[in-house]
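Chemist:
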Amino acid sequence: MATIRSMNVMPESEKDGEMVELHPTSLDLNQVEPTPQVVNWLRMRASQWLTTAQQDFNAALFARDGSEASFDRYADARSELDSAEAWALRVSEFVAHVR
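In our numbering, the protein residues as written are 230 to 328.
1. DSSP on residue 263, reduced to helix/strand/coil?
2. Are residue 279 and residue 314 touching if we call contact CB-CB under 9 Å?
3. Going by other Cβ atoms of all chains shown within 10 Å of its Cβ, with 16 needed for buried, is residue 328 buried or exposed?
4. Could you have a look at residue 271 and say whether DSSP puts it in helix, strand or coil?
5. Report the residue from 310, 326 and 296 whose alpha carbon sits nearest the alpha carbon of residue 285.
This is the structure we're talking about:
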């Protein structure tokens, strides 16, 4: 499996002194209190994830050499970019409803 720099995890809380991480897409925006700080944090994380996914996709696209491994890296990066784009759209809809 390809290694993709990951903005796809974000801190949720500390539990027993350890950081618990949560994939952004598993966060239910209907259960989030829309404070200005939360809205800003969500926008920042969506932007970071999208930027990283775009960079990884571009790197995978131009590194394709016809091998199965390069195709797998490309497919993983494309999937990550699709997820980041979908999450950014959900966050933008959430922010629009808050205003």
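Even glycine gets a Cβ: it sits at the ideal position worked out from N, Cα and C.
Modeler: By the coordinates alone:
1. coil
2. yes
3. exposed
4. helix
5. 310
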